[in-house]
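Report on the following structure.
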Amino acid sequence: MEIVSRWTAFGGEQLVCRHTSSATGTPMTLGVFVPPQALETPCPVLTYLSGLTCTHANVMEKGEYRQAAAELGIVIVCPDTSPRGEDVADDEAYDLGQGAGFYVDATEAPWAPHFRMRTYVEEELPALIRANFNVAADRQSIFGHSMGGHGALTVALRNPGRYRSVSAFAPIVAPSQVPWGVKAFSEYLGEDPAAWRRHDAVALIEDGARVPEILVDQGESDSFVITELRPELLVKACEDAGIALTLRMQQGYDHSYYFISTFMAEHIAWHAERLA
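Going by our numbering, the sequence shown runs without a break in its numbering and finishes at 290.
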């Protein structure tokens, strides 16, 4: 794995790394923050999945996670949202193609050859981090924003026991029931809604998947909350399944990184308690 750039921050190092992915068949770029504690002891890992249109750089530059991660001794991993390149399928719309991988393994043309973000996040990326950084392999958690919140919830639900904790900022909780998800799933996975259920947090819970608890922050002034995010569907699914959901509706906040950065340190501290 190539280190493209590095900066010292809060006693640790912020890296931008690049490698050739066996899952996507393309170069992949990611951000990794290594806290100062990793010089002496293996540290837990917290992976952040970004939302539509984002790369690794959005949260790295605007998420304000480094101080909390350095104080608590947590490695923060920030992958890209999709494969990229001239030979990779794309679409003119912001919510499909490059920048909009939805953390699924596509089965349909023209997406199937490279859009394998589920395998990348669940299998390849954790192995890559274990091989290249001083991390505690049995102490990992996951969180994300919007499309990445969808990704974090589904990854955790599909892999019970692998992640100590899962949280999200303004997640797409039921993509099978909202325009963003229906559009993407139809393209990536085909027209049969039954094939979508293992990529939908609410459907996974309805079908028996479980995690002990979930933390969600949602801005009340988020313009997408009614049409695309639908947190009330997650509330009902968790109530029916007995999953402890903490949903915090934040007055005045929208869908932006101003919202995410405000509550980032609280999420990291919440995960740190469960990674201890």
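The beta-carbon is built from N, C-alpha and C at its ideal position, and this holds for glycine as well. Predicted model, so just to flag it, every value in this text is computed and none were measured.
Problem set entry | residue 254 (DSSP reduced to helix, strand or coil) | helix
For this session: Please check the pair residue 156 and residue 69, which I expect to be a contact at CB under 8 Å, by giving their CB distance rounded to whole angstroms.
Result: With a Cβ gap of about 18 Å, residue 156 and residue 69 do not count as contacting.
Exercise. So residue 276 is in the alpha helix (DSSP H); what residue range does that whole segment cover?
Worked result: 271 to 289
For this session: If I'm right that residue 240 touches residue 181 with Cβ under 8 Å, what's the distance once you round it to whole angstroms?
Result: Contact doesn't hold; Cβ gap of about 22 Å is too wide.
Exercise. Is DSSP giving residue 200 helix, strand or coil here?
Worked result: helix
Problem set entry | Inter-residue Cα distance where the pair is residue 96 and residue 287 | 30 Å
Problem set entry | C-alpha distance - residue 20 paired with residue 71, whole-angstrom precision | 13 Å
Problem set entry | Separation of residue 125 from residue 40, as counted between CA atoms | 13 Å
Exercise. Less than 6 Å between the CB of residue 204 and some heavy atom of the ligand SAH, yes or no?
Worked result: Among the components of this structure there are no ligands whatsoever, and the ligand SAH is therefore not found.
Exercise. Residues in its own chain within less than 8 Å of residue 121 by CB, not counting five upstream and five downstream?
Worked result: 202, 203, 204, 209
For this session: Use the C-beta contact count for residue 246: other C-beta atoms within 10 angstroms, 16 or more gives buried, fewer gives exposed.
Result: exposed
Exercise. In terms of alpha-carbon separation, which member of 73, 87, 200, 67 lies closest to residue 283?
Worked result: 87
Exercise. Buried or exposed: where does residue 22 fall if 16 or more other Cβ atoms within 10 Å of its Cβ makes it buried?
Worked result: exposed
For this session: Using the Cα positions of residue 65 and residue 270, report the straight-line distance between them to the nearest angstrom.
Result: 10 Å
Exercise. Sorted by chain position, which residues of the same chain lie with C-beta nearer than 7 Å to residue 133's C-beta, five sequence neighbours on each side aside?
Worked result: 37, 119
Problem set entry | Short Cβ contact (7 Å threshold) for residue 216 with residue 187 | yes
Problem set entry | Residue of 114, 194, 190, 219 minimising C-alpha distance to residue 207 | 190
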